[in-house]
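Student: This structure is in structure tokens; I'll ask about it shortly.
Numbering (full-length UniProt numbering), first residue to last: 1 to 338.
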């Protein structure tokens, strides 16, 4: 009985409560996160209650939050109606997301000034991620934890950078991550290294694209000594295999372990990848690469060799063309005799 009485009292208080005190401050706070946009305006703007304001003129999903009305876009995908009329535009290399909070002016008489708070979140599409891949020296070293770059901004600009990571894996299934940097012994030079850039917490509409990847003996991506692995989204040679690029939230590839010569003070190999976050709702994100055909050995092809005849401790080199002519002549005589 006590609970029911308190519930009825609360309803009566809300029914006869005085309207909110109009707040004429024209302020809007925008938090642009990689997957979510949160917008706050001072409560009771120009006399409007929270249930009279709509996100995108569609969703009345505002809530009270410590002196503000808060509206949330849970995912950056305008195809879903729950995202309340969010519009997007791409002006290379920036993604723009637009929306607004408007008042409901559909009643016959409106005594409050109309409200239309427009806001924009901008995100860069291109990022550079790097990581120490492996140690090319012969000695073991102590592992150290990877330093993650977290870069989320408030205001009118955001970033996807905090959601991107460059990882290494144990095998071509890319199911088990490998601590980096790891040691590559001399006997392991040429073994497969599996790497990939992965995005977590982004909308499914965004796909990870590797534009360029290269290795250096220094953490500086512009170091003068570089070894290119991926150029314009495609492998630079047949020893590099790109598994996925622009198809989902992870782009993966593999290459052979190597070492930089004549650099005694720099022992680690650093991998750098220019990464593009592609909007699959506006663009075709998968990177098409011409499959390089392996050179096949043909039967009956021309053979080349060098002959050396040793006589009495001395060696004399003979012209291969002349020797080949003699061989063909002898084979021809044999064919006639047979």
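Don't be surprised by glycine CBs; every beta carbon is placed ideally from N, CA and C.
1) Indicate whether the contact test is met: 3 or more Cβ pairs, each with one atom in the region 233-240 and one in the region 164-174, closer than 8 Å.
2) DSSP beta-bridge partners for residue 215?
3) Given a cut-off of 8 Å on the beta-carbon distance, is the pair residue 222 and residue 278 in contact?
4) For the putative contact between residue 102 and residue 57, defined by C-beta atoms under 8 Å, what is the C-beta separation to the nearest angstrom?
5) Using the three-state DSSP reduction, which class does residue 221 fall into: helix, strand or coil?
6) By Cβ distance, which residues of its chain are closer than 6 Å to residue 134, with the 5 residues on each side in sequence left out?
7) If you follow the beta strand (DSSP E) that residue 196 is part of, which residue opens it and which one closes it?
8) If we count the other Cβ atoms within 10 Å of its Cβ and call it buried at 16 or more, is residue 40 buried or exposed?
9) Could you pull out every residue in the same chain whose Cβ sits closer than 7 Å to the Cβ of residue 302, ignoring the five residues on either side in sequence?
10) Among 272, 79, 123, 119, which has the Cα closest to the Cα of residue 210?
11) Assuming residue 72 contacts residue 122 (C-beta within less than 8 Å), just tell me the rounded distance between them.
12) Given a cut-off of 8 Å, decide if residue 228 and residue 266 are closer than it, judged by their beta-carbon atoms.
13) Identify the continuous beta strand (DSSP E) that holds residue 32 and give its terminal residues.
14) Which of helix, strand or coil does DSSP assign to residue 179?
15) By how many angstroms is the C-alpha of residue 96 removed from the C-alpha of residue 89?
16) Which same chain residues end up closer than 8 Å to residue 67 when comparing Cβ atoms and leaving out the 5 residues on each side of it in sequence?
17) Given residue 263, which residues of its chain have a CB within under 8 Å of its CB, disregarding the five upstream and five downstream residues?
18) What does the Cβ neighbour count give for residue 113, buried or exposed, with the cut at 16 atoms within 10 Å?
19) Which term fits residue 99, buried or exposed, when burial requires 16 or more other beta carbons within 10 angstroms of its beta carbon?
Tutor: Once the coordinates are examined:
1) no
2) 227, 271
3) no
4) 5 Å
5) coil
6) 181, 182, 184, 269
7) 192-199
8) buried
9) For residue 302, the predicted model reports a pLDDT of 32, less than 50, meaning its position is unreliable and no value from the coordinates is stated.
10) 272
11) Actually they do not touch by this definition, with Cβ atoms about 18 Å apart.
12) no
13) 29-32
14) coil
15) 5 Å
16) 42, 43
17) 217, 225
18) exposed
19) buried
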